[in-house]
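Protein sequences appear in the order of chains A and B. In terms of the numbering used here, the first sequence opens at residue 50 and continues consecutively. In terms of the numbering used here, the second sequence opens at residue 3 and continues consecutively. Here is the structure we will look at, set down as structure tokens.
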Amino acid sequence: MISRVAENCFWLQRYMERAACTAGMIEVNLSTVLDMQVSPKESWRALLVASGEEPSFVERHGAEVVADGELVQDYLIWDRQNSASLVQMITMARENARSVRETISLEMWLAVNGLWLWLTSGKGRRGFHKEPAEFYDRLRREVELVRALTYGTILHDEAFHFMRLGMLLERAGQTARLLDVKHHLLGPSDPGQGDSPVEVAHWLALLRTLTATESFFKRGLTLSGAAVAHFLILERDLPRSVRHCLVRAADSLAYVREFSDGKRGRRSAAMLEHLRTRLRTDSGSRVFGAELHDELTFMIDGIANLCEQIRADFFDPTLAEQEVDRAAGGRAPGVGQ
Amino acid sequence: MCAKHRRKDPPSGLFDGYAPDGAIDELFEAEGTPHPAMERVVALLQQLDRSDFKQRQRLADATFRRGGVTFSVYSDRRGIEKTFPFDLIPRLIAAADWARLERGLVQRATALNRFLEDVYGEQEILEAGKIPRALVERCSGYVPEVRGLARPHGVSVHVAGIDLLRREDGEFVVLEDNLRVPSGVSYVLENRSVMKRLFPLIFQLARVETVDDYAVRLRDALLSVSPVDGTETNVAVLTPGIYNSAYFEHSFLARQMGCLLVEGRDLFVHDDRVWVKTTRGPVQVHVIYRRVDDLFLDPGMFREDSVLGVRGLMQAYAKGHVTIANAVGNGVADDKAMYPYVPDMVRFYLGEEPLLGQVPTFRCAEPDDRAFVLKHLEELVVKEVAGAGGYGMCVGPTATKAQLKAMAKQLATHPEDYIAQPVVEFSTCPTLSSRGVAPRRVDLRPYVVTGRSTWVLPGGLTRVALKAGSYVVNSSQGGGSKDTWVLKEQA
Numbered sequence: 050m051i052s053r054v055a056e057n058c059f060w061l062q063r064y065m066e067r068a069a070c071t072a073g074m075i076e077v078n079l080s081t082v083l084d085m086q087v088s089p090k091e092s093w094r095a096l097l098v099a100s101g102e103e104p105s106f107v108e109r110h111g112a113e114v115v116a117d118g119e120l121v122q123d124y125l126i127w128d129r130q131n132s133a134s135l136v137q138m139i140t141m142a143r144e145n146a147r148s149v150r151e152t153i154s155l156e157m158w159l160a161v162n163g164l165w166l167w168l169t170s171g172k173g174r175r176g177f178h179k180e181p182a183e184f185y186d187r188l189r190r191e192v193e194l195v196r197a198l199t200y201g202t203i204l205h206d207e208a209f210h211f212m213r214l215g216m217l218l219e220r221a222g223q224t225a226r227l228l229d230v231k232h233h234l235l236g237p238s239d240p241g242q243g244d245s246p247v248e249v250a251h252w253l254a255l256l257r258t259l260t261a262t263e264s265f266f267k268r269g270l271t272l273s274g275a276a277v278a279h280f281l282i283l284e285r286d287l288p289r290s291v292r293h294c295l296v297r298a299a300d301s302l303a304y305v306r307e308f309s310d311g312k313r314g315r316r317s318a319a320m321l322e323h324l325r326t327r328l329r330t331d332s333g334s335r336v337f338g339a340e341l342h343d344e345l346t347f348m349i350d351g352i353a354n355l356c357e358q359i360r361a362d363f364f365d366p367t368l369a370e371q372e373v374d375r376a377a378g379g380r381a382p383g384v385g386q
Numbered sequence: 003m004c005a006k007h008r009r010k011d012p013p014s015g016l017f018d019g020y021a022p023d024g025a026i027d028e029l030f031e032a033e034g035t036p037h038p039a040m041e042r043v044v045a046l047l048q049q050l051d052r053s054d055f056k057q058r059q060r061l062a063d064a065t066f067r068r069g070g071v072t073f074s075v076y077s078d079r080r081g082i083e084k085t086f087p088f089d090l091i092p093r094l095i096a097a098a099d100w101a102r103l104e105r106g107l108v109q110r111a112t113a114l115n116r117f118l119e120d121v122y123g124e125q126e127i128l129e130a131g132k133i134p135r136a137l138v139e140r141c142s143g144y145v146p147e148v149r150g151l152a153r154p155h156g157v158s159v160h161v162a163g164i165d166l167l168r169r170e171d172g173e174f175v176v177l178e179d180n181l182r183v184p185s186g187v188s189y190v191l192e193n194r195s196v197m198k199r200l201f202p203l204i205f206q207l208a209r210v211e212t213v214d215d216y217a218v219r220l221r222d223a224l225l226s227v228s229p230v231d232g233t234e235t236n237v238a239v240l241t242p243g244i245y246n247s248a249y250f251e252h253s254f255l256a257r258q259m260g261c262l263l264v265e266g267r268d269l270f271v272h273d274d275r276v277w278v279k280t281t282r283g284p285v286q287v288h289v290i291y292r293r294v295d296d297l298f299l300d301p302g303m304f305r306e307d308s309v310l311g312v313r314g315l316m317q318a319y320a321k322g323h324v325t326i327a328n329a330v331g332n333g334v335a336d337d338k339a340m341y342p343y344v345p346d347m348v349r350f351y352l353g354e355e356p357l358l359g360q361v362p363t364f365r366c367a368e369p370d371d372r373a374f375v376l377k378h379l380e381e382l383v384v385k386e387v388a389g390a391g392g393y394g395m396c397v398g399p400t401a402t403k404a405q406l407k408a409m410a411k412q413l414a415t416h417p418e419d420y421i422a423q424p425v426v427e428f429s430t431c432p433t434l435s436s437r438g439v440a441p442r443r444v445d446l447r448p449y450v451v452t453g454r455s456t457w458v459l460p461g462g463l464t465r466v467a468l469k470a471g472s473y474v475v476n477s478s479q480g481g482g483s484k485d486t487w488v489l490k491e492q493a
């Protein structure tokens with residue numbers, strides 16, 4: 050497929066995934082702050098930190114208002130100047146969808162465009178002010194609809210796998226980032242002591258953000274920072290765990306590599322393998338405590354670098370020309386004529 | 003409650019009380035009297051209740067918006083997307099009228115194709131003195147760089163959009179030819195699909211010529227002029243990108259034809275062949291249905307700053323490794339200054355009399371014509387030769403004194419930039435307005451597709467001036483569109 054189109058597919062799903070994550074984060078926080086033991090200041094600020102938006106928010110609105118839930122929500126959802134706001138991410142997702150309209154299904158397009166229209170036409174905003182719970186509920190459903198239609202209405206060929214790759218890598222990164230922020234917020238817990246009620250509330254909120262609460266308890270686990278971190282990073286069967294996402298991302302990467310008979314994506318594959326090996330050898334011992342932050346940073350950076358490498362391996366517009374130049378005799382290779 | 007009371011009135015037919023406003027009407031001869039050939043279908047439409055109709059109108063608008071069937075307005079850089087206002091009352095064309103029109107369109111498109119091949123080749127028509135050489139060479143659409151390059155199968159105008167008006171005497175006349183990158187066909191197809199959804203029964207009973215095979219016809223035409231065998235041909239639609247006003251259509255056509263949709267940056271030229279950059283490496287492209295203007299196509303030959311084109315494309319074309327549709331340089335044939343000569347082209351190349359009339363045109367570059375135009379400015383429509391989309395136009399009867407004065411000044415200093423035409427009274431069609439069904443002026447843009455043979459899409463895009471009394475149908479200036487129903491011959 051056309052490299053640019055592949056890149057648009059990849060980003061379409063990265064933006065959708067990011068938007069879903071932002072929405073989930075805010076929605077859960079709304080109910081968390083209702084519990085008195087959690088300081089609203091720290092919890093709203095954590096959202097800004099997790100989305101990497103704290104500095105620009107403070108620059109815009111001042112440091113003293115980071116606890117102002119209304120303002121933070123407005124900034125993270127509606128602010129068009131904020132490139133990481135939900136409305137901007139949906140706009141970008143929609144723009145990517147529009148530019149690959151001939152590649153995605155009609156159903157997918159209608160779902161993405163419908164979501165965008167709802168958010169930008171004023172209807173969404175009115176709902177947000179009038180009935181926030183319903184607003185988040187609908188947002189979640191519409192995002193899930195796009196995801197379901199991605200799996201259910203297009204060929205599971207190259208375009209699909211670039212989309213899936215974007216979705217899974219974004220999700221792995223988001224899980225790691227959310228965990229890191231929580232860990233940073235609470236600090237390393239004293240292994241001798243159990244978690245405090247505040248800590249417990251935070252870990253529960255994190256699980257809910259990642260819709261992993263029920264799964265966590267189904268595994269018979271006891272709530273603690275260490276157990277949550279272990280679960281979110283290593284649990285093979287949890288759809289949002291870092292490991293789960295990386296294993297499936299590797300499948301999709303292998304699939305798209307086949308089209309060039311493995312010529313393209315060699316480096317990407319090696320980097321992904323490296324990240325997975327790290328998870329495998331790391332069976333829990335280093336996963337909590339002082340080293341957790343380093344581990345998560347390693348993962349977050351590693352995933353970001355991997356996304357860059359995928360770009361260089363598959364999307365870079367100068368690649369094809371280089372390949373032609375390298376081909377013997379100056380004649381272009383007759384790939385796929 | 004008012005509405006309830008009104009409901010008790012006898013059921014109102016769609017066209018009750020509709021009367022043509024003096025202009026010739028597409029559906030009615032006079033109030034209550036449809037044209038004989040349309041009686042049957044008008045009766046079907048008449049059954050529709052007006053309130054029901056308005057609701058379906060809203061449904062249609064929502065469908066277009068949701069589907070992203072939009073165009074962007076040129077004045078906004080990043081483009082506000084707008085839907086093309088759509089009027090649900092179809093414009094009807096009787097079978098006999100269409101048959102005649104179709105012959106005229108094929109004849110005209112054939113002559114224009116012959117002219118382009120000639121003017122970029124032997125230039126026999128100039129040698130014969132039928133068209134002044136200076137006029138051609140001064141024309142902004144003339145591209146001397148492509149002179150002498152072979153045109154695959156002699157085709158230059160693979161897709162033509164020929165704008166027609168129906169004159170007071172009932173004849174269709176050509177207002178202008180669009181031979182470069184005519185757009186709008188996606189609206190024809192989308193309008194039809196909405197109409198079929200909203201009025202399935204009426205549509206079925208009306209017996210209308212299908213438009214569904216447009217994409218197949220276009221693809222077949224493009225494949226037929228490919229430099230390689232059709233089965234080995236890769237076709238691509240070249241778009242300027244998602245901010246272009248007609249992006250929806252580009253994407254739509256690529257989808258319908260099942261071919262690649264590319265931007266200039268997706269392509270490169272190597273070894274005088276055109277390649278698309280894919281995730282598996284370079285893949286050759288043989289036919290480019292381009293929706294990028296001539297000047298932006300190849301920064302190596304035309305505008306150096308173009309980021310929409312492909313460097314080396316014209317070289318690949320010159321070597322015969324790629325077919326560009328429409329061909330480069332077609333602007334010389336649809337230029338407003340060349341328009342008066344099209345009937346002569348028909349006579350010169352085909353030895354036939356033109357079947358389609360056109361609007362008498364004064365060339366302001368000629369002293370006699372100019373003098374006449376200056377004297378009759380208030381009665382004439384003056385058009386900029388290079389203008390399009392209804393811009394740069396001075397409509398005498400409605401212009402202010404100041405506007406007329408400014409126009410006269412322009413004509414004195416740059417006469418060659420202008421032509422003038424008498425105001426053409428043209429037809430109306432019943433259209434839903436805020437105060438019921440009212441006559442509104444319509445034009446017609448049929449699409450003529452040429453590969454190794456020529457085919458005309460039945461009907462075409464009917465544009466409608468939504469303002470009462472207005473003559474301007476352009477989408478950029480308050481125009482809308484209608485579905486165009488070419489009625490099948492009575493069985």
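A virtual CB, placed ideally from N, CA and C, is assigned to each residue, including glycine. It should be emphasised that the depicted structure is a prediction, and the values quoted were computed from it without experimental measurement.
Beta-carbon separation (whole angstroms), residue i vs residue j, contact threshold 8 Å
{"i": "ASP23 of chain B", "j": "THR430 of chain B", "result": "7 Å"}
{"i": "LEU413 of chain B", "j": "CYS366 of chain B", "result": "6 Å"}
{"i": "TRP252 of chain A", "j": "LEU227 of chain A", "result": "About 11 Å; that fails the 8 Å criterion."}
{"i": "VAL289 of chain B", "j": "LEU224 of chain B", "result": "5 Å"}
Closer than 9 Å to chain A by CB, residue i
{"i": "TYR249 of chain B", "result": "yes"}
{"i": "PRO284 of chain B", "result": "yes"}
{"i": "HIS272 of chain B", "result": "yes"}
{"i": "ARG79 of chain B", "result": "Any reading at ARG79 of chain B must be qualified, since the residue scores a pLDDT of 47, below 50, and its modelled position is unreliable; the value itself is stated next. By this cut-off, ARG79 of chain B is not an interface position."}
Reduced DSSP category for residue i - H, G, I as helix; E, B as strand; rest coil
{"i": "SER477 of chain B", "result": "helix"}
{"i": "GLY482 of chain B", "result": "strand"}
{"i": "ALA373 of chain B", "result": "helix"}
{"i": "GLU31 of chain B", "result": "strand"}
{"i": "HIS272 of chain B", "result": "strand"}
{"i": "PRO202 of chain B", "result": "helix"}
{"i": "MET395 of chain B", "result": "strand"}
Proximity test, Cβ basis, 9 Å: residue i and chain B
{"i": "VAL16 of chain A", "result": "Not covered by the structure: residue 16 of chain A. The range shown for chain A is 50 to 386."}
{"i": "SER309 of chain A", "result": "yes"}
{"i": "VAL373 of chain A", "result": "yes"}
{"i": "PHE363 of chain A", "result": "yes"}
{"i": "LEU168 of chain A", "result": "no"}
{"i": "ALA55 of chain A", "result": "yes"}
{"i": "VAL305 of chain A", "result": "yes"}
Contact set between residue i and chain B, taken where Cβ atoms lie within less than 7 Å
{"i": "GLU151 of chain A", "result": "SER253, ALA256, ARG257, LEU263"}
{"i": "ASN162 of chain A", "result": "ARG68, GLY70"}
{"i": "ARG187 of chain A", "result": "None at all; the shortest Cβ gap to chain B is about 16 Å."}
Within chain B, the residues that residue i reaches when beta carbons sit closer than 8 Å
{"i": "PHE209 of chain A", "result": "Simply none; closest approach about 13 Å."}
{"i": "SER52 of chain A", "result": "ASP268, LYS279, THR280, THR281"}
{"i": "ARG313 of chain A", "result": "THR281, ARG282, GLY283"}
{"i": "PRO366 of chain A", "result": "ARG267, ASP268, LYS279"}
Residue i: contacting residues in chain A (beta-carbon distance under 7 Å)
{"i": "ILE244 of chain B", "result": "GLU144, ARG147, SER148"}
Candidates the options, of which the one nearest residue i by Cα
{"i": "ARG275 of chain B", "options": "B:MET259, B:LEU376, B:GLU380, B:LEU315", "result": "B:LEU315"}
{"i": "ASN332 of chain B", "options": "B:TRP457, B:GLU354, B:GLY172, B:ASP179", "result": "B:ASP179"}
{"i": "ARG292 of chain B", "options": "B:MET303, B:ARG349, B:GLY283, B:SER253", "result": "B:SER253"}
{"i": "HIS272 of chain B", "options": "B:VAL285, B:ARG60, B:ALA388", "result": "B:VAL285"}
Chain-ordered chain B contacts of residue i [CB-CB under 9 Å]
{"i": "TRP158 of chain A", "result": "GLY69, GLY70"}
{"i": "GLU370 of chain A", "result": "PHE270, HIS272, TRP277, LYS279, PRO284"}
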